[in-house]
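K.L.:
Below is one structure. I have some questions about it.
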Amino acid sequence: MLDTANSYDDKVAIIRMIVGEESGRVANVFKSMMNADN
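In structure tokens, the structure reads:
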């Protein structure tokens, strides 16, 4: 989906839409990324 976004603003809009729909899933991804650094 991000591959088809033309501009930075388009990509931000897509990410906001995903976060709005699946905030719990996005939070888990960030938690996993942060735990991988430790």
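Under my numbering, residues 3 to 40 are what the sequence shown spells out, in order.
In this text, a Cβ means the ideal position worked out from N, Cα and C, and glycines have one as well.
Starting from N30, trace the alpha helix (DSSP H) in both directions and tell me its first and last residue.
P.N.:
25-38
K.L.:
Please report the straight-line C-alpha distance between V28 and A38, rounded to a whole angstrom.
P.N.:
15 Å
K.L.:
I'd like the list of long-range same chain contacts for V31, defined as Cβ closer than 7 Å, with 5 residues on each side in sequence excluded.
P.N.:
none
K.L.:
Please check the pair A7 and I16, which I expect to be a contact at CB under 8 Å, by giving their CB distance rounded to whole angstroms.
P.N.:
With a Cβ gap of about 6 Å, A7 and I16 count as contacting.
K.L.:
What number of angstroms, rounded off, separates the C-alpha of D5 from the C-alpha of K33?
P.N.:
24 Å
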